[in-house]
Structure formats: C-alpha cells, structure tokens
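*Asks:* I'd like to ask you about the structure that follows.
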Amino acid sequence: MLDPQGPLPPEIYWRRRALAVGVLVVVLAVIIGLVFWVTGDDNGKNTANSTELNASSSYALPSAYKDPSASQSAVPGGGSGGTGGGDVAGANPDQPGASGAPGIPGGTPVGETPQPVPASGLCPDQNISVVLYTDKPAYVEGEQPILTIAITNAGLSDCTRDVGKGMQNVTVLNLAGDRRIWSSGDCAPVEGVNNQLLKPGQQVKDTIDWSGTTSSPGCETPRQPVAPGAYQAVAKIGEKPSAPITFNVNRPNAQ
6 MLDPQGPLPP EIYWRRRALA VGVLVVVLAV IIGLVFWVTG DDNGKNTANS
56 TELNASSSYA LPSAYKDPSA SQSAVPGGGS GGTGGGDVAG ANPDQPGASG
106 APGIPGGTPV GETPQPVPAS GLCPDQNISV VLYTDKPAYV EGEQPILTIA
156 ITNAGLSDCT RDVGKGMQNV TVLNLAGDRR IWSSGDCAPV EGVNNQLLKP
206 GQQVKDTIDW SGTTSSPGCE TPRQPVAPGA YQAVAKIGEK PSAPITFNVN
256 RPNAQ
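The working numbering applies: residue 6 is where the sequence shown begins, and numbers increase by one.
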C-alpha cells in the first residue's frame with residue numbers, strides 16, 4: 006500500500022502525498038492556533054472583568070456629611086430670651102408661607118470665602134455661619150414661637166466670637182419683608198458678653214421666645230397680637246445676618 010502504483014513515476018506520487026500531508030499539518034496548526042487564540046481572549050476578558058469587579062467592589066463611598074449635632078453645644082449661660090418689639094401688626098393671610106426649616110448647615114456661607122483669623126483671635130463675619138429656625142412650621146394664634154439661632158465657625162482656624170444675648174437679635178417681618186412686626190431687642194434688651202472659642206465646624210445654639218405680639222423700638226407703642234398670616238424672620242449676631250426663614254400663624258383649627 007505504501008508503494009505508489011500507477012502509470013506515473015513513483016516520485017510524482019510521493020510528492021503528492023507529501024503535499025497532502027503538509028496541507029493537513031497546516032490546517033491542523035491553524036485550527037489549534039484558533040482554539041488557543043479564542044481561549045486566551047476569553048481568559049483575558051474574564052481577567053479584565055474580574056479586575057474591574059474587584060476595583061468596583063473595593064471602591065469606598067464618600068463618607069456621609071457630618072451630623073452638625075455632633076459638634077453643637079448650647080451657649081453657656083444661654084436659654085430662652087425675652088420678648089421684644091416691631092411696629093406693625095399682621096400680614097396678608099392670603100399669602101402662603103413656607104415652613105421654618107430646622108436644618109442647621111455648618112459650612113461656609115454661600116458666596117463668602119473664609120478669611121485669616123486676625124491677631125486678636127476674633128472670628129471675622131466671613132468665618133461664621135448664622136442660621137435661624139423655628140421649633141415648628143406653623144403656630145396657632147396665641148402660641149409663642151421658639152426661635153433658635155445656630156452659630157457655626159465656618160473658617161479653617163479656631164477663633165473667638167461673642168455669642169451672648171447682647172449680640173443676638175431676631176426680627177420678624179411680614180412675608181414681603183417690608184414691614185417690621187417685632188424685634189427681640191425692642192422691649193427686653195439684654196446686655197452682656199459671652200465670648201466662645203469655636204473650633205472649625207463647631208456650633209453653638211441659643212433660643213429666643215417670641216410672645217406672638219407686635220413691638221416697636223423702645224417698646225413705646227402698645228403691643229398687639231399678630232394677625233393670622235405668613236411671616237418671615239431674620240437673625241443677627243452682631244452685624245452678621247442669617248438667611249430669612251418663613252412660618253405661618255394660623256387661626257385655631259386651621260392647621
């Protein structure tokens with residue numbers, strides 16, 4: 006069977022056999038190469054996917070924002086403040102009011118850049134955040150809103166700030182903000198200094214009670230209960246104001 010038989014010389018048959026074997030070897034080599042290439046590519050993809058998965062699983066989520074209450078403290082010697090003044094009663098009851106949001110941000114005030122603390126060590130206005138909020142978004146006529154002032158060191162260094170009652174002031178206005186209803190310094194002004202050393206991010210709070218009545222500078226005019234409606238309020242520590250907040254005074258059974 007190995008001896009070539011046919012009309013042609015034996016060399017021709019041997020050459021044909023060698024060529025056929027060579028072609029077969031090449032085909033087998035190509036097939037084997039394709040198998041290895043496909044297998045290797047799949048392994049590469051699996052490795053890449055595994056690497057991506059590991060990288061994804063090891064990614065650390067950003068830490069949650071720090072709870073401001075962790076660094077809050079009541080102003081030593083603070084407490085409920087007295088009632089005070091304003092000169093016009095009531096607001097338009099038909100105008101809607103928003104709730105006094107109790108959130109207490111402790112970051113740098115929007116649009117301001119912390120300044121270096123001067124040699125005196127006193128906090129510049131740009132380095133503190135003043136936030137005012139109410140104990141609830143709406144009140145019934147006759148209730149006394151509790152207004153809380155939160156003062157935060159929004160700078161990068163320790164500094165001292167007078168946060169005493171003598172530096173605190175809360176003013177209530179009509180919703181449009183163009184009529185003064187009451188101010189905490191009108192009828193019961195409080196003097197005194199309460200310097201607090203505040204670390205960056207540290208916050209102190211104090212409260213002022215409002216009787217729900219009008220007042221005027223020096224408490225010169227009779228005080229009247231405010232009419233139902235929507236109001237806004239602004240706090241100040243020295244000359245540093247808070248953003249205004251709004252709240253409602255409702256008739257009984259209207260909440």
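Quick reminder that beta carbons are idealized off the backbone N, C-alpha and C, glycines included.
#1: Taking contact to mean 3 or more Cβ pairs, one atom from each stretch, closer than 8 Å, check whether the stretch 179-189 and the stretch 136-146 are in contact.
#2: Starting from R166, follow the beta strand (DSSP E) in both directions and report where the run begins and ends.
#3: With a cut-off of 9 Å, does the C-beta of V26 fall near any C-beta of chain C?
#4: Tell me, to the nearest whole angstrom, how far the beta carbon of G217 is from that of Q149; I am working on the premise that it is less than 8 Å.
#5: Taking a contact to mean a Cβ-Cβ separation below 9 Å, would you say K204 touches I156 in this structure?
#6: To the nearest whole angstrom, what separates the beta carbons of D191 and G223, a pair I think is in contact under 8 Å?
#7: Among T251, T219, L127, Y236, which one has its Cα closest to the Cα of Q229?
#8: Assign R21 to buried or exposed, taking buried as 16 or more other Cβ atoms, counted over all protein chains shown, within 10 Å of its Cβ.
#9: I'd like to check one pair, I154 with I213: are the Cβ atoms closer than 9 Å?
#10: The beta strand (DSSP E) with A159 in it runs from where to where?
#11: Tell me the rounded alpha-carbon separation between L29 and I37.
#12: Check the DSSP bridge columns for F41 and list the partner residues they point to.
#13: How long is the line joining the alpha carbons of T44 and P119, rounded to whole angstroms?
#14: Hey, N258 and A143 are a contact pair by Cβ (cut 8 Å); roughly how many whole angstroms apart?
#15: Taking its Cβ as the centre, do 16 or more other Cβ atoms sit within 10 Å of A240, making it buried, or is it exposed?
#16: Between V40 and V31, what straight-line distance do the alpha-carbon atoms span, to the nearest angstrom?
#17: Note down the Cα distance separating N174 from E146, rounded to an integer number of angstroms.
#18: Would you identify the three-state DSSP class for D130, choosing helix, strand or coil?
#19: The beta strand (DSSP E) spanning G190 covers which residue range?
*Replies:* With the given structure in hand:
#1: Contact between the stretch 179-189 and the stretch 136-146 is absent, with fewer than three C-beta pairs closer than 8 Å.
#2: Locating residue 166 in the sequence shown gives position 161, counting from the first residue. Start and end: 164-167.
#3: Judged by its chain identifiers, the structure shown contains no chain C, having just a single protein chain.
#4: In the sequence shown, counting from the first residue as 1, residue 217 sits at position 212. In the sequence shown, counting from the first residue as 1, residue 149 sits at position 144. With 8 Å as the limit, G217 and Q149 qualify as a contact, their Cβ atoms being about 6 Å apart.
#5: Locating residue 204 in the sequence shown gives position 199, where the first residue counts as 1. Locating residue 156 in the sequence shown gives position 151, where the first residue counts as 1. Cβ distance not < 9 Å, so K204 and I156 don't count as in contact.
#6: Reading the sequence shown from its first residue, position 186 is the one you call residue 191. Reading the sequence shown from its first residue, position 218 is the one you call residue 223. Contact holds; Cβ gap of about 7 Å.
#7: Reading the sequence shown from its first residue, position 224 is the one you call residue 229. In terms of CA proximity to Q229, T219 leads the group T251, T219, L127, Y236.
#8: In the sequence shown, counting from the first residue as 1, residue 21 sits at position 16. Per the 10 Å Cβ criterion, exposed.
#9: In the sequence shown, residue 213 corresponds to position 208, counting from 1. In the sequence shown, residue 154 corresponds to position 149, counting from 1. One thing to note: I213 has its Cβ within 9 Å of the Cβ of I154.
#10: The residue you call residue 159 lines up with position 154 of the sequence shown. Per DSSP, A159 lies in no beta strand (DSSP E) and is assigned neither H nor E.
#11: In the sequence shown, residue 29 corresponds to position 24, counting from 1. In the sequence shown, residue 37 corresponds to position 32, counting from 1. Straight-line Cα distance between these residues: approximately 12 Å.
#12: Start at 1 with the first residue of the sequence shown, and residue 41 comes out as number 36. F41 pairs with nothing; no bridge assigned.
#13: Locating residue 44 in the sequence shown gives position 39, where the first residue counts as 1. Locating residue 119 in the sequence shown gives position 114, where the first residue counts as 1. Their backbone Cα atoms lie some 60 Å apart in a straight line.
#14: Locating residue 258 in the sequence shown gives position 253, counting from the first residue. Locating residue 143 in the sequence shown gives position 138, counting from the first residue. Actually they are not in contact, since the Cβ atoms of N258 and A143 sit about 12 Å apart, beyond 8 Å.
#15: As a position in the sequence shown, residue 240 is number 235, starting the count at 1. Buried: at least 16 other Cβ atoms inside 10 Å.
#16: Working through the sequence shown from its first residue, we reach residue 40 at position 35. Working through the sequence shown from its first residue, we reach residue 31 at position 26. Going from the Cα of V40 to the Cα of V31 covers about 14 Å.
#17: Counting from 1 along the sequence shown, the entry for residue 174 is found at position 169. Counting from 1 along the sequence shown, the entry for residue 146 is found at position 141. Inter-residue distance for N174 and E146 is about 23 Å (C-alpha atoms, whole angstroms).
#18: Numbered from its first residue, the sequence shown carries residue 130 at position 125. In the three-state reduction of the DSSP assignment, D130 falls in the helix class, which pools H, G and I.
#19: Position 185 of the sequence shown, counting from 1, holds the residue named residue 190. Premise fails: G190 is in no beta strand (DSSP E) and is neither H nor E.
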